[in-house]
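Q: Protein chains in written order, with the numbering used here: chain X, 1 to 142; chain C, 1001 to 1183.
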């Protein structure tokens, strides 16, 4: 019996609403429609660049992220400093969390926030328990 | 936080536990915190600062025969921190204690997720191809190598585990964090 992404259709590699943790999985290759950018990578393409919340990343060469009538998510991932991997045979792309931000946080001993479910699917964020000491124990049955 | 998706296996650890037990099937934590084996323990303070980074620590002596680690000393370190804020290392030592994921290890985590996704879709060849790629990229990362064994029908406590363990020893037991003190 398994839990997790098995039951979740679509392109987020997600544990459910609000639990994407900046991960993405594209099942049909790297080219996506521009209006799918937000649903997949969490960013929107606007005249000022790639934007999320109050932050925009300038796209100096828009043609470089366009491909086959859509947007190349791996080119966008590069602009956002997010690692990606492509399995060509199945045309599956996985995109990770922003690299420098993650490194910078760890080097500065700032705990990266995350949201994960318990076995009943209830979401818990590290930041829900701010102002308390927290002991994180990564374990497994393997 | 179970870096796992075996529900019964996770429940086996939950007897009598009253705090949240979370499930991380996609290995979010191993990416964000550069965790390469379990158990890995972190202490995070009231201001979201990592007070004690990745530490190979045990709450009981269940695996003492294999690990050679005295859990009582480790539990005491946690207790002292909770009660007084005292830590066994300086912030500078904490900052330099965890080597970040290499680009290969980052890529291994991504291929692991692709493998798991394809496995759930019933694409066994695709899963196998990406598990192999992940293993090649991060040969000494237990959250890749050992975690994939049960997902591929292997036994994480069988011959493959002992072969991995020998490989790991031969490589100098690389670990992202502070290894447990062995007796």
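Even glycine gets a Cβ: it sits at the ideal position worked out from N, Cα and C. Quantities reported herein were computed from a predicted structural model and do not represent experimental measurements.
What would DSSP say about residue 1114 (chain C), mapped onto helix, strand or coil?
A: Three-state DSSP puts residue 1114 (chain C) in a helix.
Q: If you run the structure through DSSP and keep just helix, strand and coil, what is residue 1050 (chain C)?
A: Of the three classes helix, strand and coil, the one that applies to residue 1050 (chain C) here is strand, per DSSP.
Q: Look up residue 6 (chain X) in the DSSP assignment and say whether it is helix, strand or coil.
A: Confidence is the limiting factor: at residue 6 (chain X) the pLDDT is only 32, short of 50, which leaves the residue's position unreliable, though a coordinate-based value still follows. Residue state, collapsed to three classes: helix.
Q: Would you please verify whether the beta carbon of residue 96 (chain X) is less than 7 angstroms from any beta carbon of chain B?
A: Checking the listed chains, one finds no chain B in this structure; the protein chains it contains are X and C.
Q: Give me, in chain order, the residues of the same chain whose beta-carbon lies closer than 6 angstroms to that of residue 9 (chain X); leave out the 5 immediate sequence neighbours on both sides.
A: Here residue 9 (chain X) scores only 29 on pLDDT, less than 50, and its place in the model should not be relied on; the value that follows carries that caveat. Hits under 6 angstroms: none found.
Q: Can you tell me which of X:30, X:24 and X:29 puts its alpha carbon nearest to the alpha carbon of residue 1028 (chain C)?
A: If we check each option's Cα against that of residue 1028 (chain C), X:24 comes out closest.
Q: Is residue 1043 (chain C) helix, strand or coil when you go by DSSP?
A: The answer is strand: DSSP assigns residue 1043 (chain C) an E or B state.
Q: Using only the alpha-carbon positions, how far apart do residue 13 (chain X) and residue 82 (chain X) sit?
A: Reliability of the predicted coordinates at residue 13 (chain X) is poor, the pLDDT of 43 falling under 50, and the value obtained from them is presented with this limitation in mind. Near 15 angstroms, if we compare the C-alpha coordinates of residue 82 (chain X) and residue 13 (chain X).
Q: Could you tell me whether the Cβ atoms of residue 116 (chain X) and residue 1049 (chain C) are closer together than 7 angstroms?
A: The answer is no: Cβ separation not under 7 angstroms.
Q: Any idea if residue 62 (chain X) is buried or exposed, counting beta-carbon neighbours within 10 angstroms, 16 or more meaning buried?
A: By the 10 Å Cβ count, residue 62 (chain X) comes out exposed.
Q: Can you find a C-beta in chain X that's less than 7 angstroms from the C-beta of residue 1038 (chain C)?
A: Chain X, which has a Cβ nearer than 7 angstroms to the Cβ of residue 1038 (chain C), makes this yes.
Q: Would residue 1021 (chain C) count as contacting chain X if we go by Cβ distances under 7 angstroms?
A: Yes - at least one Cβ of chain X is within 7 angstroms of the one on residue 1021 (chain C).
Q: Evaluate residue 996 (chain C) with the Cβ neighbour count: other Cβ atoms within 10 Å of its Cβ, from every protein chain shown; 16 or more gives buried, anything less gives exposed.
A: With chain C covering only 1001 through 1183, there is no way to say anything about residue 996 (chain C).
Q: Using 8 angstroms as the threshold, is the region 1163 to 1183 of chain C in touch with the region 1098 to 1111 of chain C, meaning 3 or more CB pairs across them?
A: In short, these stretches touch, since the Cβ pair count reaches three.
Q: The beta strand (DSSP E) with residue 87 (chain X) in it runs from where to where?
A: Element bounds for residue 87 (chain X): 84 to 87.
Q: Run down chain X in chain order and give the residues with a C-beta less than 8 angstroms from the C-beta of residue 1065 (chain C).
A: Correct list: empty, because the minimum Cβ distance to chain X is about 19 angstroms.
Q: Along the chain, which unbroken stretches of the beta strand (DSSP E) at least 3 residues long are found entirely within the region 24 to 64 of chain X?
A: Complete beta strand (DSSP E) runs here, min 3: 24 to 26, 44 to 46, 49 to 52 and 55 to 57.
Q: Measuring alpha carbon to alpha carbon, tell me which residue in X:54, X:104 and X:41 is nearest residue 76 (chain X).
A: For residue 76 (chain X), the nearest C-alpha among the options comes from X:41.
Q: Among the candidates C:1012, C:1105, C:1047 and C:1064, whose CA atom is the shortest distance from the CA of residue 1032 (chain C)?
A: Comparing Cα-Cα distances from residue 1032 (chain C) to each of C:1012, C:1105, C:1047 and C:1064, the minimum goes to C:1105.
Q: Suppose contacts are defined by Cβ-Cβ distances below 7 angstroms. Is residue 34 (chain X) in contact with residue 45 (chain X) by that definition?
A: Closer than 7 angstroms, so yes.
Q: Nearest-angstrom Cα distance between residue 1077 (chain C) and residue 1156 (chain C)?
A: The straight-line gap from Cα to Cα measures roughly 30 angstroms.
Q: Alpha carbon to alpha carbon, what distance is there between residue 1141 (chain C) and residue 213 (chain X)?
A: This structure does not reach residue 213 (chain X), given that chain X is present from 1 up to 142, and the question cannot be answered.
Q: Less than 7 angstroms between CB atoms is the rule here; does residue 21 (chain X) satisfy it with respect to chain C?
A: Residue 21 (chain X) counts as touching chain C.
Q: Is it true that the CB of residue 131 (chain X) sits closer than 7 angstroms to the CB of residue 113 (chain X)?
A: Against a cut-off of 7 angstroms, the Cβ pair of residue 131 (chain X) and residue 113 (chain X) comes out as no contact.
Q: Rounded to the nearest angstrom, how far is the Cβ of residue 1058 (chain C) from that of residue 1039 (chain C), given a contact under 8 angstroms?
A: Yes, residue 1058 (chain C) and residue 1039 (chain C) are in contact; Cβ-Cβ is about 6 angstroms, under 8 angstroms.
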